[in-house]
Amino acid sequence: MVLYILRRIASAISVIVVTLIASFGLFYLAPSDPAGVICGAKCPPARYQEIADSLHLDRPVYQQIWEYLHGLVLGTDVVSGGQTVHCAAPCLGYSYVFGVPVTTLIMHALPVTISIVFGSAIAYLCIGTLSGIFAARRRGTYLDRTIVGGTLTIGSVPYFVVALLAALYIPTLIPIVPQAKWVPLTESPLKWFLGLLLPWIVLGIVNSASYTRYSRASMIESLSEDYVRTARAKGISERRVVYRHGLRAAVTPLATIFGLDVAFALTGAIFTEQIFGLPGLGVVTLRAFDKYDLPVLMAGVLIGAVVLVIMNLLVDILYTILDPRVRLS
Amino acid sequence: MTDMWGDAVDASQIANGPAAVPAARGPQTVTRGQRTRGADAEGDAYLTVSDLSVAFPTADGIVHAVQGLSYSLPLGKTLAVVGESGSGKSVSSMAIMGLHDPKSTRMTGSIRVGGREIIGLSQQELRKHRGGSSAMIFQDPQSSLHPFFTVGNQIMEAYQAHNNASKRQARQRAIDLLGRVGIPNAARRLDDYPHQFSGGMRQRVMIAMALVNDPKLLIADEPTTALDVTVQAQILDLIQDLQQDFGSAVLFITHDLGVVAEIADDVLVMYGGRAVEHGAVASILGSPLHPYTWGLLESIPAVSGEPTRLHPIPGSPPSLLSLPTGCSFNPRCEFRTRVPDGLCEKELPDLAARTGDASRASRCHLVHPDEMFQSEILPRLP
Amino acid sequence: MTTTATESAARSRIPAVPGAPLLELRDLVMHFNVKGEGMLIRANNKVRAVDGVSLTLGEGETIGLVGESGCGKSTTGRLITRLLQPTAGQILYRGHDIAKLSEPKLRPYRRELQLIFQDPYSSLNPRHTVGTIIGTALRVHDLVPKGEELPRVRELLDIVGLNPEHYNRYPHEFSGGQRQRIGIARALAVKPKVIVADEPVSALDVSIQAQVMNLLEDLRKEFGIAFIFIAHDLGVVRHFCDSVAVMYLGRIVEQGARDVVYGAPQHPYTQALLSAVPDLGVARGTPPKARIRLSGDVPSPINPPSGCRFRTRCWKAEDICAQVEPKLERKADGLLSACHFAAPPAGSLTAQVD
């Protein structure tokens, strides 16, 4: 078990390093002219040279990658705006556009994205699973069909349409829910909560539709298993049959889907952040893409890779905890 | 050449229950170790099924899974219910356990277990019945045990559902029973998961779980079908051995007439949802009176006797959505021409005594089925 | 049956090596690798599914392979039909070793060695009509000119007792027994010399099982097809086979003529196996005299016991059994047993029916 986890961690780290090198290669060594793009159309040659120098474009590839990794692990000195600044580890470089360390940008954006993603995840996991179980237990009835129909309707409307409509109507119709606004948790927990309520509700409703379907299917399958019949034959209460025996088996596949969903949401909350004007990771990456702010883009890719790998790892570990057949074989 | 459970655990320890465990309900009414073969008079029947019908309404029509089924089973006896798939043998046993979903099942008739009517009970009352006075073991021990809970946990849950027992008491009870059903190192193996057991050991766990509340009625639904033959022999021996100790009534559902011959006192043969023949095992397997039973006997390649050519029943079993009129078996029956006026196609025969022997009954219009068996069927059997 | 049908007994296209039997297995071995735990180097465990099996099948003969789950009987069947490639050993078909042949070179052999599966449903493609399923077998081996498969398909359906007009139906429209007949028709389509039948009737109800067994028996007689008949049901094997090989943990422990193996087996495992079968004969005859109950289950084929593999469950086992693996040797007329203490049973193992 411990060996298994260690082995998984080792392979996770190697995946991150490979991703890093590959994306570094794509961004910095592409047949484009990064310095030219950054400098703009009417670029004075001196400025161009300065940018090219700061990018170390003249050096060999392996040296560039090595420096990037070196900065990441130990910190490095970076030329920004004509000055040499020390950039402490983990150094992701300096943003060309904002002239601040990428780390600082990320540290501001990450809490926003994490708050949005985890808050809504709790919402849709609870709503989705409960309504899925509810529907599964009433399989074939009108209630069940209504729930399934509802989830299909919600699922077929593009997400940004739902989000835009919600952003327009909900604060006016339900005054308790204010317009979305980012306030750090450390500043005021209440304002943090109220400011994120709207995106949570929207994401919660939209995603709970698919979770209702997953958990309904998963529950229907587990409730038809022989061991659920055995549980009933023991004479335990129906509630215990459903929530202990049925749900216990249905939760394993759900956990897998959930882990990967959260990972993707963390790397791709662009719509939500853009529509609700929340300064999260997606917005920052998008802006960097616009301006070809390479260090920021690289950081976005890196964080994406790390999040995906970690969530995958967590799901696998969770899986071995949930399923004794995996744990003990 | 010894039984592996042997005398590893003193059987009386379980029957009387350890001090910490509440004693079995009521005194045992059956003398242990006395097994007489043959149909019993009604009287002290523990299970009585009368005119039971079970139907499932579906989109294609109503599936008449069981119709007009009646039998009784006293304590200490084993009744084997035999039939092919779709005969209604499993559906009727699930009905006795109250395991059918009341929303999608129509049940009429009466099922009395220990004098108590089961049909019409609320779910709350049924729950006390299930796993308490009646317990069930299933065909596939692999899928019938929850893969995510330890076997101890699953056995203890069954005990605590019916007894106000502490965790420690329940644990001790589980250990005792695991030992009794022949699992070595029971105390240690209690915390193992089902996948850590072999197929035969899993079925022993299922049996321990079923017996944890001293049920008076044990329903075994094809309990050895998924097992290898040497393991099957062990499990059959165990069930018989436990029945002698507990004095319970055993309802044994199977498709295997060989198993019936070894384990049953009485036999009920089912076809198309109805009982077609009922009586003591020696008479039903030795000199059956129904053409369907004849057909079954002629279809079985046995390990004993002369291997002769099999004489199978033509065609396939009827659809429960639309049973043939008259006798359900008539389209496949080679003897229907012996009954005048096409009676077989017109009229469903009663399940009634057909010879001088009142202890057995069959559902067939033939006039002298006993003579026909002796002169026509017996010579064809291996 | 018509003239073309009887042509199913046509000669083999593969020239026989003089003196070679129809099919011969020599020291056939199949080990499956399973992943074990380990930090960097994973310990490679081997499941010894088949571990040195030798067998000879003559023209038109039927050999039954019996044993409990995990004994390697199904794997042996898959090796013979080369659905698996053996780890070691030879599979000689008419004297030619097909054990290591590549797929294109196997093709003519595949036609002559057919497999019938246990589960008639999962072995038939649900999206194809029965006509397509059987027609494909004909087409693949160029047995019938293109576009002229239908008459032959109908004929085959007729041979296996199905309505020839049902060629355009799908597998789900048939019952279990009928589906097994379709599987048999597909195997027959290519006019095989050997059919490996892997538990062909064990998924079927008793009355249907008897129908399919009679059908197989008729086909065997009519077309002279040799059978390797794999089953766990000892009664079924006794009924169908001339000779029987009993397998335990990847090895043949006893082999011989049907009546000898069932009447006076000398290997303790065969005796225990026979004694464990619930015997319908007790209802009409005298019950068996000897009653043998084995304890425990079959050990894991990853780590089989040393010496004789059956010794851990054997009541006769002594020190020598752990040290020396007994050879499969002739112990009586028509009987080979692999046991240091081989002896006929103390009393009858099955019921005696007059």
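Chains as they are written, first to last, in this note's numbering: chain U, 1 to 329; chain Z, 330 to 711; chain A, 712 to 1065. Every residue, glycine too, gets a C-beta built ideally from N, C-alpha and C.
DSSP state of residue i mapped onto helix, strand, coil
{"i": "Val896(A)", "result": "Checking the displayed sequence, the identity of residue 896(A) turns out to be Ala instead of Val. Note: Ala896(A) maps to helix in three-state DSSP."}
{"i": "Gly730(A)", "result": "coil"}
{"i": "Arg24(U)", "result": "The sequence as given places Phe at residue 24(U); Arg does not occur at that position. Here Phe24(U) sits in helix by DSSP."}
{"i": "Asn493(Z)", "result": "coil"}
{"i": "Arg354(Z)", "result": "The predicted model places Arg354(Z) with a pLDDT of 36, which falls under 50 and marks its position as unreliable; any figure quoted below should be read in that light. Correct three-state label for Arg354(Z): coil."}
{"i": "Ala908(A)", "result": "strand"}
{"i": "Ile706(Z)", "result": "helix"}
{"i": "Tyr375(Z)", "result": "strand"}
{"i": "Val315(U)", "result": "helix"}
{"i": "Arg325(U)", "result": "helix"}
{"i": "Tyr804(A)", "result": "strand"}
{"i": "Val988(A)", "result": "coil"}
{"i": "Gln1063(A)", "result": "strand"}
{"i": "Met750(A)", "result": "Legend: pLDDT at Met750(A) = 42, less than 50; position of this residue unreliable, value from coordinates given subsequently. In the structure shown, Met750(A) sits in coil (DSSP, three-state: anything other than H, G, I, E or B)."}
{"i": "Gly259(U)", "result": "helix"}
{"i": "Asn756(A)", "result": "strand"}
{"i": "Ala370(Z)", "result": "Confidence is the limiting factor: at Ala370(Z) the pLDDT is only 43, short of 50, which leaves the residue's position unreliable and the question unanswerable from this model."}
{"i": "Ile201(U)", "result": "helix"}
Closer than 9 Å to chain Z by CB, residue i
{"i": "Asp290(U)", "result": "no"}
{"i": "Arg232(U)", "result": "yes"}
{"i": "Leu143(U)", "result": "no"}
{"i": "Gly996(A)", "result": "yes"}
{"i": "Asp226(U)", "result": "yes"}
{"i": "Glu779(A)", "result": "yes"}
{"i": "Asp944(A)", "result": "yes"}
{"i": "Asn669(A)", "result": "With chain A represented from 712 up to 1065, any question about residue 669(A) goes unanswered, as that position is not in the structure."}
{"i": "His245(U)", "result": "yes"}
{"i": "Ser834(A)", "result": "no"}
Residue-level contact to chain U via CB, residue i, 9 Å cutoff
{"i": "Lys457(Z)", "result": "yes"}
Residues sharing a beta bridge with residue i, DSSP
{"i": "Met741(A)", "result": "Val761(A)"}
{"i": "Pro386(Z)", "result": "Ile391(Z)"}
{"i": "Leu6(U)", "result": "None, per the DSSP bridge assignment."}
{"i": "Thr767(A)", "result": "Glu735(A)"}
{"i": "Gly775(A)", "result": "Phe940(A), Val955(A)"}
{"i": "Asn690(Z)", "result": "With the sequence shown as reference, residue 690(Z) is identified as Ala, and Asn is not the correct amino acid for it. DSSP, once it has assigned bridges, lists His607(Z) as partnering Ala690(Z)."}
{"i": "Ser463(Z)", "result": "Arg459(Z), Leu546(Z)"}
{"i": "Phe581(Z)", "result": "Ala409(Z), Ala549(Z)"}
{"i": "Arg1041(A)", "result": "Leu1047(A)"}
{"i": "Ala799(A)", "result": "Val740(A)"}
Below-9 Å beta-carbon distance, residue i vs any chain A residue
{"i": "Met599(Z)", "result": "no"}
{"i": "Leu565(Z)", "result": "yes"}
{"i": "Ser527(Z)", "result": "yes"}
{"i": "Arg709(Z)", "result": "no"}
{"i": "Gln452(Z)", "result": "no"}
{"i": "Met535(Z)", "result": "no"}
Supposed contact pair residue j and residue i - C-beta distance, whole angstroms, cut 8 Å
{"i": "Lys418(Z)", "j": "Gly412(Z)", "result": "4 Å"}
{"i": "Ala994(A)", "j": "Leu614(Z)", "result": "3 Å"}
{"i": "Ala609(Z)", "j": "Asp585(Z)", "result": "Actually they do not touch by this definition, with Cβ atoms about 18 Å apart."}
{"i": "Pro660(Z)", "j": "Gly671(Z)", "result": "Incorrect: roughly 12 Å between the Cβ atoms, too far for contact."}
{"i": "Ala180(U)", "j": "Leu196(U)", "result": "7 Å"}
{"i": "Glu627(Z)", "j": "Arg709(Z)", "result": "6 Å"}
{"i": "Ala305(U)", "j": "Thr113(U)", "result": "About 15 Å separates the two Cβ atoms, so there is no contact after all."}
{"i": "Val395(Z)", "j": "Gly602(Z)", "result": "5 Å"}
Under 7 Å by beta carbon: chain B residues contacting residue i
{"i": "Thr1061(A)", "result": "The question asks about chain B, but that chain is absent: this structure's protein chains are U, Z and A."}
| Complete runs of the alpha helix (DSSP H) confined to the region 66–151 of chain U [at least 4 residues] | Within the region 66–151 of chain U, the complete alpha helix (DSSP H) segments of 4 residues or longer fall at 102–137, listed in chain order.
Entirely enclosed alpha helix (DSSP H) segments - the region 394–454 of chain Z, minimum 4 residues: Counting only runs of 4 or more, we get 418–426.
Notebook entry, point to check: Which runs of the beta strand (DSSP E) spanning at least 3 residues fall entirely within the region 600–669 of chain Z, listed in chain order?
Noted result: Runs found: 603–609.
TODO: Can you check the region 507–562 of chain Z for any alpha helix (DSSP H) of at least 4 residues that lies completely inside it and give the ranges in chain order?
DONE: The alpha helix (DSSP H) runs lying completely inside the region 507–562 of chain Z and spanning 4 residues or more are 515–518, 528–540, given in chain order.
**Message:** Threshold first: 3 residues or longer. Then list the beta strand (DSSP E) segments lying entirely within the region 815–901 of chain A, N to C.
**Reply:** If we require 3 residues or more, the beta strand (DSSP E) runs fully inside the region 815–901 of chain A come out as 824–827.
- May I have a chain-ordered list of the beta strand (DSSP E) segments no shorter than 3 residues that lie completely inside the region 214–245 of chain U? With a minimum length of 3 residues, there is no unbroken run of beta strand (DSSP E) contained wholly in the region 214–245 of chain U.
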